[in-house]
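Q: This is the structure, below, for whatever I ask next.
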Amino acid sequence: MRLDPDDPRPPYLQVAMQLRAAILTRTFVPGEKLPSGPELAKTFGVARQTIQQAIRELRDEGLIVSRQGSGVFVREKTARPVGLRPHIEEAFKRPEVTIDFAGLSGETLHGAIQEPLDSIRAGRLTPERISIRLLLPDTNRPWSLPCRMDNGQDEPMFRQRAEKITSRHAHAIVDSVQELSDLGLVTHASAQVRISGEPPRFKIYVINREEAFFGYYAVAAHTVALGGEPVTMFDLMGKDTELFHFALSDGPDSTSAQFVQQSSAWFDAVWNNVAREVA
Numbered sequence: 379m380r381l382d383p384d385d386p387r388p389p390y391l392q393v394a395m396q397l398r399a400a401i402l403t404r405t406f407v408p409g410e411k412l413p414s415g416p417e418l419a420k421t422f423g424v425a426r427q428t429i430q431q432a433i434r435e436l437r438d439e440g441l442i443v444s445r446q447g448s449g450v451f452v453r454e455k456t457a458r459p460v461g462l463r464p465h466i467e468e469a470f471k472r473p474e475v476t477i478d479f480a481g482l483s484g485e486t487l488h489g490a491i492q493e494p495l496d497s498i499r500a501g502r503l504t505p506e507r508i509s510i511r512l513l514l515p516d517t518n519r520p521w522s523l524p525c526r527m528d529n530g531q532d533e534p535m536f537r538q539r540a541e542k543i544t545s546r547h548a549h550a551i552v553d554s555v556q557e558l559s560d561l562g563l564v565t566h567a568s569a570q571v572r573i574s575g576e577p578p579r580f581k582i583y584v585i586n587r588e589e590a591f592f593g594y595y596a597v598a599a600h601t602v603a604l605g606g607e608p609v610t611m612f613d614l615m616g617k618d619t620e621l622f623h624f625a626l627s628d629g630p631d632s633t634s635a636q637f638v639q640q641s642s643a644w645f646d647a648v649w650n651n652v653a654r655e656v657a
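Below, the structure is given as structure tokens:
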């Protein structure tokens, strides 16, 4: 496996493309462990950081899972869950793009929209309108989950940690979209963030009001450093969430189409009636 020097895409995307093809064609079968980072770096002739970026791409697409202390494995169930990224990239080819997200942090969305935004800056994509809305949890109020493992109670320092992570990704999305408007590359481009309640037990994306992606957060023990001390939390793990796809194109009377419509209506109701703006 070697990279194409004439390919304009960054090396990590080329690596991700080749590994993705190997997984989808079952060169790497479900459950199989991928070669280690150093092995892949040697195979492709790139730096380990490039391999780490490529692995992050495939993990965001739901093709692989990372197991601490064991390595990276092809997801056992690759047939049914779908990758979000290709659908978002396809949505940006339309004149008008709308993305509504509700979940814990928006980290996956931040990664998924980077390539389409780069394509707009390079002139390869030319949407006229972009509207992105992020509905995130309120970190200023106690949470029932995530919670401390030892007593099942809310942990304020964990919420402060979550606030930093959430703000980093949310602000990056807002700034990136606003830049397109400032540069005159998109006629109308906006990204807004509102907060409401505690973290949902699921994440959901509604794209162009035509597609919806839904998945439950896994609840797992997770040890983090808080105040200089290790604290084990029951956390909501989003990176390995299996997303399931619903679309209007499945037919107006299909359960899939009804799910998209109800998801869009639910998001609008919470956004307009319950959620509040943040600075």
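Quick note, the sequence shown lines up with residues 379 to 657 if you use our numbering. Glycine is no exception: its CB is placed at the ideal position from the N, C-alpha and C atoms.
Hey, quick one: how far does the beta strand (DSSP E) through Phe470 stretch, first residue to last?
A: Counting along the chain, Phe470 falls outside any beta strand (DSSP E), and DSSP gives it neither H nor E.
Q: Have a look at Gly723 and Ser414 and give me their C-alpha separation to the nearest angstrom.
A: Absent from the model: residue 723. The displayed extent of the chain is 379 to 657, so no value can be given.
Q: Compute the Euclidean distance between the alpha carbons of Asp631 and Phe624, then round it to the nearest angstrom.
A: Those two C-alpha atoms are separated by around 13 Å.
Q: Could you tell me how far apart the beta carbons of Tyr595 and Gly616 are, in whole angstroms, since I believe they sit closer than 8 Å?
A: Sure, about 6 Å apart at Cβ, within 8 Å.
Q: Between the C-alpha atoms of Pro534 and Ala550, what's the straight-line distance to the nearest angstrom?
A: Near 24 Å, if we compare the C-alpha coordinates of Ala550 and Pro534.
Q: As a quick exercise: from Gln392, Pro388, Val452, Gln430, pick the residue whose alpha carbon is nearest that of Pro404.
A: Pro is not the amino acid found at residue 404; the sequence shown has Arg there. Looking at the Cα atoms, Val452 is the closest of the given residues.
Q: Just the Cα atoms here: how many angstroms apart are Gln570 and Val552?
A: Answer to the nearest angstrom: the Cα atoms are 7 Å apart.
Q: Along the chain, where does the alpha helix (DSSP H) containing Ile433 start, and where does it finish?
A: Segment 426-438, the alpha helix (DSSP H) holding Ile433.
Q: If you drop the 5 nearest sequence neighbours on each side, which residues of the same chain put their C-beta closer than 7 Å to that of Leu397?
A: Excluding positions up to five away in sequence, the list reads Ala432, Leu436.
Q: What does the Cβ neighbour count give for Ala653, buried or exposed, with the cut at 16 atoms within 10 Å?
A: Buried, because 16 or more other Cβ atoms sit within 10 Å of the Cβ of Ala653.
Q: Thinking C-alpha only, which one of Glu655, Phe536, Ile573, Pro389 is nearest Gly605?
A: The shortest C-alpha separation from Gly605 is found at Phe536.
Q: Contact defined as beta carbons within less than 8 Å: I believe Leu725 pairs with Phe591. What is the distance between those atoms, to the nearest angstrom?
A: Residue 725 falls outside the range modelled here, since the chain spans only 379 to 657, and no answer is possible.
Q: By the three-class DSSP mapping on this structure, what secondary structure does Gly449 have?
A: Note: Gly449 maps to strand in three-state DSSP.
Q: Please name the residue in Glu454, Ala399, Ala480 whose C-alpha comes closest to that of Arg572.
A: With distances taken between Cα atoms, Arg572 lies closest to Ala480.
Q: Considering only C-alpha positions, which residue in the set Ala548, Pro388, Leu512 is nearest to Asn650?
A: Ranking the options by Cα distance to Asn650, first place goes to Leu512.
Q: List the endpoints of the continuous alpha helix (DSSP H) containing Ser634.
A: That run of the alpha helix (DSSP H) goes 633-651.
Q: Output needed for Leu503: all residues of its chain with C-beta closer than 8 Å, excluding positions within five of it in sequence on either side, in chain order.
A: Excluding residues within five positions, the ones whose Cβ falls inside 8 Å are Phe470, Lys471, Pro494, Ser497.
Q: What would DSSP say about Ser509, mapped onto helix, strand or coil?
A: DSSP places Ser509 in strand when its eight states are reduced to three.
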